[in-house]
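K.L.:
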Amino acid sequence: METIRLTTAQALVKFLNQQYLHVDGEEFPFVEGVFAIFGHGNVLGIGQALEQDAGHLKVIQGKNEQGMAHAAMAFSKQMLRQKIFAVTTSVGPGAANLVTAAGTALANNIPVLFLPSDTFASRQPDPVLQQVEHEHSFAITTNDSLRAVSRYWDRVVRPEQLMTSLIRAFEVMTDPAKAGPATICIAQDVQGEAFDFDERFFVKRVHYHDRKLPTDRELQGAAELIKSSKRPLIVVGGGAKYSQARDQLISLSEKHNIPLVETQAGKSTVESNFKNNLGGLGVTGTLAANRAARQSDLIIGIGTRYTDFTTSSKTAFNFDTSRFLNINVSRLHAYKLDAFQVVADARATLEQLAPLLGDYVTEFGHEIQRLKDEWSVERARLQRVTFHEQDFDPEIKGQFTQDVLNEYAGTLNTELPQTTALIAINETIAPNSVVISAAGSLPGDLQRLWNPTVSNTYHLEYGYSCMGYEISGALGIKLAEATKDVYALVGDGSFLMLHSELITAIQYNQKINILLFDNSGFGCINNLQMENGGGSYCCEFRDSDNQILNIDYAKVAEGYGAKTYRAYTVKQLKEALADAAKQSVCTLIDIKVLPKTMTAGYDSWWNLGVAEVSDREGIQQAYEHQEQQRKLAKQY
1 METIRLTTAQ ALVKFLNQQY LHVDGEEFPF VEGVFAIFGH GNVLGIGQAL EQDAGHLKVI
61 QGKNEQGMAH AAMAFSKQML RQKIFAVTTS VGPGAANLVT AAGTALANNI PVLFLPSDTF
121 ASRQPDPVLQ QVEHEHSFAI TTNDSLRAVS RYWDRVVRPE QLMTSLIRAF EVMTDPAKAG
181 PATICIAQDV QGEAFDFDER FFVKRVHYHD RKLPTDRELQ GAAELIKSSK RPLIVVGGGA
241 KYSQARDQLI SLSEKHNIPL VETQAGKSTV ESNFKNNLGG LGVTGTLAAN RAARQSDLII
301 GIGTRYTDFT TSSKTAFNFD TSRFLNINVS RLHAYKLDAF QVVADARATL EQLAPLLGDY
361 VTEFGHEIQR LKDEWSVERA RLQRVTFHEQ DFDPEIKGQF TQDVLNEYAG TLNTELPQTT
421 ALIAINETIA PNSVVISAAG SLPGDLQRLW NPTVSNTYHL EYGYSCMGYE ISGALGIKLA
481 EATKDVYALV GDGSFLMLHS ELITAIQYNQ KINILLFDNS GFGCINNLQM ENGGGSYCCE
541 FRDSDNQILN IDYAKVAEGY GAKTYRAYTV KQLKEALADA AKQSVCTLID IKVLPKTMTA
601 GYDSWWNLGV AEVSDREGIQ QAYEHQEQQR KLAKQY
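Counting with this note's numbering, you get residues 1 to 636 for the letters of the sequence shown.
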């Protein structure tokens, strides 16, 4: 056996360079690079190894551990989980900052390799800088907090442990059914410790994304269910996008006249202008999709995990008359809603299922087009919403008075509604641009109103709805889509939560565009409390004198080095977008919008923990409504 003497960190870097993925006949490196913030615990280990020989790995200096981890996740998501970045951090706070990002990746089933440093394996200098201590165990470190948010987790306290740990991590990350974050915590003294590694550990290793094929039993059962149904509905989830099943979905839908509806993760798998695409389903869905769902007698879930937003807390479907057929590489998700399960790849299943359906046609007839046209009329209305009181949806406006709206309009110097601004952006930017968002009211408005006409140009993180993902994620998308314009649509609340990787984007000349919707508050949550009978409590951004904050976000970004704009009208917004498209540097458009000018629920319901006892009549009424709706919800 030939060996090579390397430190544990050097062996890690050498191994990462030799990992390849094979998908549909193509083979390419799986690890694109490493996001790094060097500090206590990793600068002298992994940092030294990367400086000595990074190989083909791109090394990018992050500014916040959570931020750079979000960028790594967004890169992998945009690359359809076929490439990853690794993320290395210091001990203690640096590692702890990964927890939110790891949870985000886990909820979305996105592979990322986290490499937080750990305390000393020898324990001789304990407690070292940034080490936490527990009376009942010296084995617990900050990194144990990552166990609950990792698909695979391990701690390396001997150099030779690295070999089995890495092979296991890559097995998990390259498996479509288990894909998620892998965390390997490497003790800081072990990172620099040398070992005689078997040279065979560093030969080129190819991981295969073989498409899992459905069994004959699964295919026959699925075909029988579809042919016996009158009004089937296809729910396009993220798994359909990762499987690249666009063409098969269009073919199946066209031939058999089956409507398509989308989850947040599945949106833009099929373009919005496809005739049978009715848009988003559920709490943030369109009226067309939600009405089609209630009419359907067979729900065909393709690559979806049926979150409460997709199912309207299990009230979106008529469970008395509907059956479920789930096609998913994950057995866990295929079993949901007591469905007939096809545990297989989406694209491969649809290809083999198509010949079994023959000349079957649904009974929807022209109903799909009627629903689509009806929603187009409503979308056009939302584009024309004005500041006047009668245009506001009472469900959203709640107890917000016209006087308060006038106050916002005066302070922010705007009468621009959010829906109007959003559709204006959709009509202005290049069709192949990629948009990203994650939290607040924007995901709901985007799922309903954004019409992507190019596949895989809609990037929403709504598995975790993580505030702060948007700008970091835009950097990750740009690294994945170098030739496309990338737009982060972010609320002022999310911008304040985390925007540090804007600096990283500027530093590495990765142009991203930030469209900042400023309504001076956590508007989405303010809606939630007021729609359920509460007052406007601690969600608006007001100073100690109760005056609305008017922050100049353009000036903030200008200080970082971005080209910035301010928009208070549609005309100014479109002019800013046109000029921003010509720039070679990062841009930010500070868009002042009025609160309460987002979209409403459209025949959907969300199960919430409304107070059972309250002195407010509105809250009492909201609780009664929740109780009535819960009786309609499916219990599994």
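Using N, Cα and C, we set each Cβ at its ideal position, and we do this for glycine too. In this text, all values refer to a predicted model and were calculated from it rather than measured experimentally.
Hey, isoleucine 589 and leucine 516 are a contact pair by Cβ (cut 8 Å); roughly how many whole angstroms apart?
P.N.:
Position 589 of the sequence shown, counting from 1, holds the residue named residue 589. Position 516 of the sequence shown, counting from 1, holds the residue named residue 516. Confirmed, about 7 Å.
K.L.:
Is the segment 519 to 537 touching the segment 602 to 620, taking contact as three or more C-beta pairs under 8 Å?
P.N.:
yes
K.L.:
Just the Cα atoms here: how many angstroms apart are alanine 223 and cysteine 539?
P.N.:
In the sequence shown, the residue the question calls residue 223 occupies position 223. In the sequence shown, the residue the question calls residue 539 occupies position 539. If you draw a straight line from the Cα of alanine 223 to the Cα of cysteine 539, it comes to about 50 Å.
K.L.:
Determine which residues share a DSSP beta bridge with leucine 489 and list them.
P.N.:
Numbered from its first residue, the sequence shown carries residue 489 at position 489. Leu515.
K.L.:
In whole angstroms, what separates the C-alpha of asparagine 109 from that of leucine 98?
P.N.:
As a working mapping, residue 109 is identified with position 109 in the sequence shown. As a working mapping, residue 98 is identified with position 98 in the sequence shown. Each residue's Cα considered, the two are about 16 Å apart.
K.L.:
Reducing DSSP to helix, strand and coil, say where glycine 534 ends up.
P.N.:
Numbered from its first residue, the sequence shown carries residue 534 at position 534. Here glycine 534 sits in coil by DSSP.
K.L.:
Could you check whether glycine 237 and threonine 304 sit closer than 8 Å to each other, using their CB atoms as the reference points?
P.N.:
The sequence position of residue 304 within the sequence shown is 304, counting from 1. The sequence position of residue 237 within the sequence shown is 237, counting from 1. Closer than 8 Å, so yes.
K.L.:
Going by the beta-carbon positions, is the gap between leucine 287 and glutamate 427 smaller than 8 Å?
P.N.:
The residue given as residue 287 occupies position 287 in the sequence shown. The residue given as residue 427 occupies position 427 in the sequence shown. In this structure, leucine 287 lies away from glutamate 427, with their beta-carbon atoms at least 8 Å apart.
K.L.:
Starting from threonine 504, trace the beta strand (DSSP E) both ways and give me its first and last residue.
P.N.:
Stepping through the sequence shown from its first residue, residue 504 is reached at position 504. It is not in any beta strand (DSSP E) - threonine 504 instead sits in the alpha helix (DSSP H) that spans 501 to 507.
K.L.:
Could you tell me whether the Cβ atoms of arginine 151 and alanine 182 are closer together than 8 Å?
P.N.:
Translated into positions along the sequence shown, residue 151 becomes position 151. Translated into positions along the sequence shown, residue 182 becomes position 182. Yes; because the gap between Cβ atoms is below 8 Å, this pair is in contact.
K.L.:
Quick check on the DSSP output: the beta strand (DSSP E) that includes tryptophan 375 runs from which residue to which?
P.N.:
Translated into the one-based positions of the sequence shown, residue 375 becomes position 375. That residue, tryptophan 375, is in no beta strand (DSSP E); its alpha helix (DSSP H) goes 367 to 383.
K.L.:
Please classify valine 610: does DSSP put it in a helix, a strand, or coil?
P.N.:
By 1-based counting over the sequence shown, the position of residue 610 is 610. Valine 610: coil per DSSP, three-state reduction.
K.L.:
Measure the beta-carbon distance from leucine 80 to lysine 241 and round it to whole angstroms, keeping in mind my assumption that it falls under 8 Å.
P.N.:
By 1-based counting over the sequence shown, the position of residue 80 is 80. By 1-based counting over the sequence shown, the position of residue 241 is 241. The Cβ separation is near 7 Å, so the contact holds.
K.L.:
Hey, how far is the Cα of glutamate 617 from the Cα of isoleucine 300?
P.N.:
Taking the sequence shown and counting its residues from 1, one reaches residue 617 at position 617. Taking the sequence shown and counting its residues from 1, one reaches residue 300 at position 300. Their Cα atoms are separated by approximately 41 Å.
K.L.:
Residue range of the beta strand (DSSP E) that arginine 205 falls in?
P.N.:
Your numbering for residue 205 matches position 205 in the sequence shown. Here the beta strand (DSSP E) through arginine 205 covers 205 to 208.
K.L.:
Measure from the alpha carbon of leucine 442 to the alpha carbon of each residue in Gln626, Asp359, Glu26, Thr284, then state which is nearest.
P.N.:
Indexing the sequence shown from 1 puts residue 442 at position 442. Selection Gln626, Asp359, Glu26, Thr284 evaluated against leucine 442 yields Thr284 as nearest (Cα-Cα).
K.L.:
Per the contact definition of three or more C-beta pairs closer than 8 Å, is the segment 38 to 48 in contact with the segment 444 to 458?
P.N.:
no
K.L.:
Between the C-alpha atoms of isoleucine 368 and glycine 221, what's the straight-line distance to the nearest angstrom?
P.N.:
On the sequence shown, position 368 is the one that residue 368 refers to. On the sequence shown, position 221 is the one that residue 221 refers to. If you take the alpha carbons of isoleucine 368 and glycine 221, they lie about 26 Å apart.
K.L.:
Rounded to whole angstroms, what's the CA-CA distance from glutamate 470 to leucine 113? Just pull it up for me.
P.N.:
One-based indexing of the sequence shown puts residue 470 at position 470. One-based indexing of the sequence shown puts residue 113 at position 113. Roughly 20 Å between the two C-alpha positions.
K.L.:
Which ranges does the alpha helix (DSSP H) cover as unbroken runs of at least 4 residues, wholly within the segment 408 to 486, from first to last along the chain?
P.N.:
418 to 428, 442 to 449, 469 to 480
K.L.:
Skipping 5 residues on each side, what residues in its chain have a beta carbon closer than 7 Å to that of isoleucine 250?
P.N.:
Here residue 250 refers to the residue found at position 250 of the sequence shown. The answer, listed in chain order, is Val270, Phe274.
K.L.:
Kindly indicate the opening and closing residues of the alpha helix (DSSP H) around histidine 625.
P.N.:
The residue you call residue 625 lines up with position 625 of the sequence shown. From DSSP, the alpha helix (DSSP H) with histidine 625 extends over 617 to 630.
K.L.:
Can you list, in chain order, the residues of its chain whose CB lies under 6 Å from that of lysine 267, leaving out five sequence neighbours each side?
P.N.:
Numbered from its first residue, the sequence shown carries residue 267 at position 267. Cβ within range, chain order: Tyr458.
K.L.:
When the distance is taken between beta carbons, is leucine 412 closer than 8 Å to serine 520?
P.N.:
Numbered from 1 along the sequence shown, position 520 holds the residue referred to as residue 520. Numbered from 1 along the sequence shown, position 412 holds the residue referred to as residue 412. Yes, Cβ-Cβ distance for serine 520 and leucine 412 is below 8 Å.
K.L.:
Measuring only the C-alpha atoms, how far is alanine 72 from phenylalanine 387?
P.N.:
Position 72 of the sequence shown, counted from the first residue, corresponds to residue 72. Position 387 of the sequence shown, counted from the first residue, corresponds to residue 387. Looking at the two C-alpha atoms, the distance is approximately 40 Å.
K.L.:
Is it right to say isoleucine 167 is buried, meaning 16 or more other beta carbons lie within 10 angstroms of its own, or is it exposed?
P.N.:
Taking the first residue of the sequence shown as 1, we reach residue 167 at position 167. Exposed, because fewer than 16 other Cβ atoms sit within 10 Å of the Cβ of isoleucine 167.
K.L.:
Helix, strand or coil for glutamate 637 per DSSP?
P.N.:
Since the first residue shown for the chain is 1 and the last is 636, residue 637 is missing from the structure and cannot be characterised.
K.L.:
Taking the alpha carbon of threonine 215 as the reference point, which residue from Ser536, Gln418, Ile514, Ala348 has its own alpha carbon closest?
P.N.:
Translated into positions along the sequence shown, residue 215 becomes position 215. Selected option, being the one with the closest Cα: Ala348.
K.L.:
In whole angstroms, what separates the C-alpha of alanine 334 from that of threonine 263?
P.N.:
Counted from its first residue, the sequence shown places residue 334 at position 334. Counted from its first residue, the sequence shown places residue 263 at position 263. Cα to Cα, the separation comes out at about 16 Å.
K.L.:
Can you list the alpha helix (DSSP H) stretches of 4 or more residues lying completely in the segment 549 to 619, in chain order?
P.N.:
Counting only runs that start and end inside the segment 549 to 619, the alpha helix (DSSP H) elements of at least 4 residues fall at 553 to 560, 570 to 582.
K.L.:
With a threshold of 8 Å between beta carbons, is aspartate 154 in contact with chain C?
P.N.:
The displayed structure is made up of one protein chain only, and chain C is not part of it.
K.L.:
Specify the secondary structure class of proline 93 as computed by DSSP and reduced to three states.
P.N.:
As a position in the sequence shown, residue 93 is number 93, starting the count at 1. DSSP, read as helix, strand or coil, puts proline 93 in helix.
K.L.:
Assuming contact is defined by CB atoms lying nearer than 8 Å, are glycine 103 and tyrosine 464 in contact in what I supplied?
P.N.:
Taking the first residue of the sequence shown as 1, we reach residue 103 at position 103. Taking the first residue of the sequence shown as 1, we reach residue 464 at position 464. It is a contact, given that the beta carbons lie within the stated cut-off.
K.L.:
List the DSSP bridge partners of proline 29.
P.N.:
As a first step, residue 29 must be located in the sequence shown, where it is residue number 29. DSSP, once it has assigned bridges, lists Tyr20 as partnering proline 29.
K.L.:
Assign histidine 56 to one of three DSSP states: helix, strand, or coil.
P.N.:
Locating residue 56 in the sequence shown gives position 56, counting from the first residue. In this structure, histidine 56 counts as coil in the three-state DSSP scheme.
K.L.:
Rounded C-beta distance between leucine 594 and alanine 316? I'm assuming under 8 Å.
P.N.:
Indexing the sequence shown from 1 puts residue 594 at position 594. Indexing the sequence shown from 1 puts residue 316 at position 316. Incorrect: roughly 30 Å between the Cβ atoms, too far for contact.
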